[in-house]
């Protein structure tokens, strides 16, 4: 990837950032020619652009740092010469500018840089004035639905027992007895006048016949 930088070391706008999603600069001075190669036409670089920063970065999904990339570096070539710029001194950095082409007194020169950013591509791009969209925040987890309690079964109505709702055996045991309207009462005979006869005298004979049955009961002594 390449950043076309002005004197203040920032891009004019995001179009000056040449990378895999934007493989050429607006005027065509810088073009990507594959995943690991690019071409530069210095005659077409806008006059306001003073630095071409050649950079590398690990993909966000790739773990580790540039220190673990074997043989990392940049090789330049032009008619009559070229230069190699191996990465140097990188440790935890995930993005780095390895080489710069820059204007000096009307001529283009080249220098090795190996300046890295542990924050990766986003930090590198922001440092050079590129607007980087913030990564979307992960959606908040949706709480699981609360279990719905089944409705409680209706309680069966229990009828209060009737006042006489007792077992038949108990009703028979406590049933009131029937008293006859006329009952036999045994008592000693009463003398005329309401007093018992004098001692030794037999009781007077009843004036009328003694009933044999009174209210269904036999007379005494029968």
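Residue numbers (our numbering): 4 to 225. Quick reminder that beta carbons are idealized off the backbone N, C-alpha and C, glycines included. Everything numeric in this text was worked out from a predicted model, so none of it was measured.
**Report entry** Burial state of residue 107 (16 or more Cβ within 10 Å)
**Finding:** Flag for residue 107 reads exposed.
Query raised in the report: Per DSSP, what kind of secondary structure is residue 123 in: helix, strand or coil?
Result: Helix at residue 123.
Report task. Identify which residue in 90, 53, 44 and 66 has its Cα closest to the Cα of residue 80. Result -> Selected option, being the one with the closest Cα: 44.
Requested in this report: Enumerate, from N- to C-terminal direction, the unbroken beta strand (DSSP E) stretches of 3 or more residues contained entirely within the segment 24-78.
Outcome: Complete beta strand (DSSP E) runs here, min 3: 33-35, 41-43 and 54-60.
Query raised in the report: Run through DSSP, which three-state label would residue 103 get?
Result: Residue 103 falls in the strand class under three-state DSSP.
Query - Alpha-carbon to alpha-carbon, residue 144 and residue 20 - result: Looking at the two C-alpha atoms, the distance is approximately 36 angstroms.
Report task. Might you give, ordered along the chain, the residues of its own chain that have their beta carbon closer than 7 angstroms to the beta carbon of residue 9, omitting 5 neighbours on each side? Result -> Taken in chain order, the residues that qualify are 15, 51, 52 and 53.
Query raised in the report: Helix, strand or coil: how does DSSP classify residue 110 here?
Result: The three-state secondary structure of residue 110, taken from DSSP, is strand.
Query raised in the report: Which same chain residues, not among the five before or five after residue 38, have their C-beta less than 7 angstroms away from its C-beta?
Result: Within the same chain, and ignoring the five residues on either side of residue 38 in sequence, no residue has its Cβ closer than 7 angstroms to its Cβ.
Query raised in the report: Using a Cβ-Cβ cut-off of 6 angstroms (strictly less than) and excluding sequence neighbours within five positions of residue 48, which residues of its own chain qualify?
Result: Sequence-distant partners of residue 48 (beyond 5 residues in either direction) whose C-beta falls short of 6 angstroms from its own C-beta, in its chain, are 32.
Report task. Assign residue 151 to buried or exposed, taking buried as 16 or more other Cβ atoms, counted over all protein chains shown, within 10 Å of its Cβ. Result -> Residue 151 is exposed by the Cβ-count criterion.
Report task. Kindly list the residues whose CB is nearer than 7 angstroms to the CB of residue 123, restricted to its own chain and excluding five residues on each side of it in sequence; keep chain order. Result -> Within the same chain, residue 123 has close Cβ partners 60, 61, 63, 97 and 98.
Report task. Locate the beta strand (DSSP E) running through residue 7, then write down its first and last residues. Result -> Looking at the DSSP string, the run of the beta strand (DSSP E) that includes residue 7 is 5-8.
Report task. With DSSP as the reference, please indicate the residues paired to residue 148 in a beta bridge. Result -> Per DSSP, none; premise fails for residue 148.
Query raised in the report: So residue 88 is in the beta strand (DSSP E); what residue range does that whole segment cover?
Result: Boundaries of the beta strand (DSSP E) harbouring residue 88: 84-89, taken from the DSSP string.
Query raised in the report: Is the CB-CB distance between residue 117 and residue 92 below 8 angstroms?
Result: Yes.
Query raised in the report: Going along the chain, which residues of its own chain have a beta-carbon closer than 6 angstroms to the beta-carbon of residue 5, five neighbours each way excluded?
Result: Cβ neighbours of residue 5 within its own chain (closer than 6 angstroms, five residues either side excluded): 21, 33, 55 and 57.
Report task. Give the secondary structure of residue 128 by DSSP, where H, G and I count as helix, E and B as strand, and everything else as coil. Result -> Helix, per DSSP.
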